[in-house]
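Structure record follows, encoded as structure tokens.
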Amino acid sequence: PYDRTSMDRGDICARFLESLPYELYPFQEEALLAWFEAEGGVLVSAPTGMGKTLIAEAAIYEALCTNRRMYYTTPLIALTDQKFREFQDKAERWGFPRDRVGLITGNRRENADATVRVVVAEILLNHLLAGPDVHGDISSVVMDEFHYFNDQERGVVWELSLVLLPATARLMLLSATVGNAVDFI
1 PYDRTSMDRG
11 DICARFLESL
21 PYELYPFQEE
31 ALLAWFEAEG
41 GVLVSAPTGM
51 GKTLIAEAAI
61 YEALCTNRRM
71 YYTTPLIALT
81 DQKFREFQDK
91 AERWGFPRDR
101 VGLITGNRRE
111 NADATVRVVV
121 AEILLNHLLA
131 GPDVHGDISS
141 VVMDEFHYFN
151 DQERGVVWEL
161 SLVLLPATAR
171 LMLLSATVGN
181 AVDFI
């Protein structure tokens with residue numbers, strides 16, 4: 001219904017906010033505005049069930065509007081599958097084709113070249129290790145369940161991904177239980 005190619009981040013933010021059927025919690029509004037204003041990204045630490053995914057949806061909406069590659073990572077295949085279906089439904093509600101959202105796990109690929117790629121964290125790392133020719137131009141990354149960064153066995157996946165991401169990629173880190181959020185920032 002509108003020309004997305006001419007939208008700047010402020011326009012995208014306004015359109016996203018207009019699409020919401022309910023009032024935001026103050027932390028959601030603050031995080032959303034920070035996301036659309038920040039060059040680097042945001043860390044959102046809020047209790048489970050408070051609506052962190054809504055903030056991630058804004059990043060997905062932005063990627064779809066600008067047609068710029070983004071990754072949404074989770075630590076678990078089941079969560080990745082769930083988010084993939086949810087984000088395809090959202091994309092369709094926003095007026096985008098469902099196939100603009102893809103899924104890549106260790107055992108399943110669907111729309112693997114999509115603008116928005118919902119992946120387990122190890123897939124993002126594998127793409128980053130393969131080099132720029134494989135992962136292309138990543139504009140943003142949402143890391144859900146970011147507290148896995150502190151996991152003794154798997155935390156290195158998050159660490160290496162953060163180090164290997166292009167300097168131009170914006171980050172959204174989501175966690176209910178990340179420790180030392182202020183210190184980490």
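One point on numbering: in our numbering, the residue at position 9 of the sequence shown is 9, and numbering is uninterrupted.
Cβ coordinates follow ideal geometry from the N, Cα and C atoms, glycine included.
>> Between Met70 and Ile60, how many whole angstroms is the CB-CB distance? I'm expecting something under 8 Å.
In response: On the sequence shown, position 70 is the one that residue 70 refers to. On the sequence shown, position 60 is the one that residue 60 refers to. Right, their Cβ atoms sit about 7 Å apart.
> For Asp8, which option in Phe36, Phe27, Leu17 has the closest C-alpha, if you only look at C-alpha atoms?
Replying inline: Translated into positions along the sequence shown, residue 8 becomes position 8. Nearest C-alpha to Asp8: Phe36.
> Do Lys83 and Val118 come within 8 Å of each other at the CB atom, strictly closer than that value?
Replying inline: Along the sequence shown, one-based indexing puts residue 118 at 118. Along the sequence shown, one-based indexing puts residue 83 at 83. For Val118 and Lys83, yes; Cβs fall inside 8 Å.
> Can you round the beta-carbon distance between Leu174 and Val141 to whole angstroms, since I take them to be within the 8 Å contact cut?
Replying inline: Numbered from its first residue, the sequence shown carries residue 174 at position 174. Numbered from its first residue, the sequence shown carries residue 141 at position 141. Actually they are not in contact, since the Cβ atoms of Leu174 and Val141 sit about 11 Å apart, beyond 8 Å.
>> Could you check whether Gly102 and Ile121 sit closer than 8 Å to each other, using their CB atoms as the reference points?
In response: As a first step, residue 121 is located in the sequence shown; it is residue number 121 there, counting from the start. As a first step, residue 102 is located in the sequence shown; it is residue number 102 there, counting from the start. Residue 121 is actually Ala in this sequence, not Ile. For Ala121 and Gly102, no; Cβs fall outside 8 Å.
> Looking only at its own chain, which residues have a Cβ that is under 7 Å from the Cβ of Gly51, when we skip the five neighbours before and after it?
Replying inline: Position 51 of the sequence shown, counting from 1, holds the residue named residue 51. Excluding sequence neighbours, Gly51 sits near Tyr25, Gln28.
>> Is the separation between the beta-carbon of Glu151 and that of Tyr72 shorter than 8 Å?
In response: Position 151 of the sequence shown, counted from the first residue, corresponds to residue 151. Position 72 of the sequence shown, counted from the first residue, corresponds to residue 72. First, the residue type needs correcting, since residue 151 is Asp and not Glu in the sequence shown. No.
> What residue range is occupied by the uninterrupted alpha helix (DSSP H) comprising Leu54?
Replying inline: In the sequence shown, counting from the first residue as 1, residue 54 sits at position 54. Note, Leu54: alpha helix (DSSP H), 52-66.
>> If the criterion is Cβ atoms closer than 8 Å, does the pair Val116 and Ala167 meet it?
In response: One-based indexing of the sequence shown puts residue 116 at position 116. One-based indexing of the sequence shown puts residue 167 at position 167. Contact flag unset, no.
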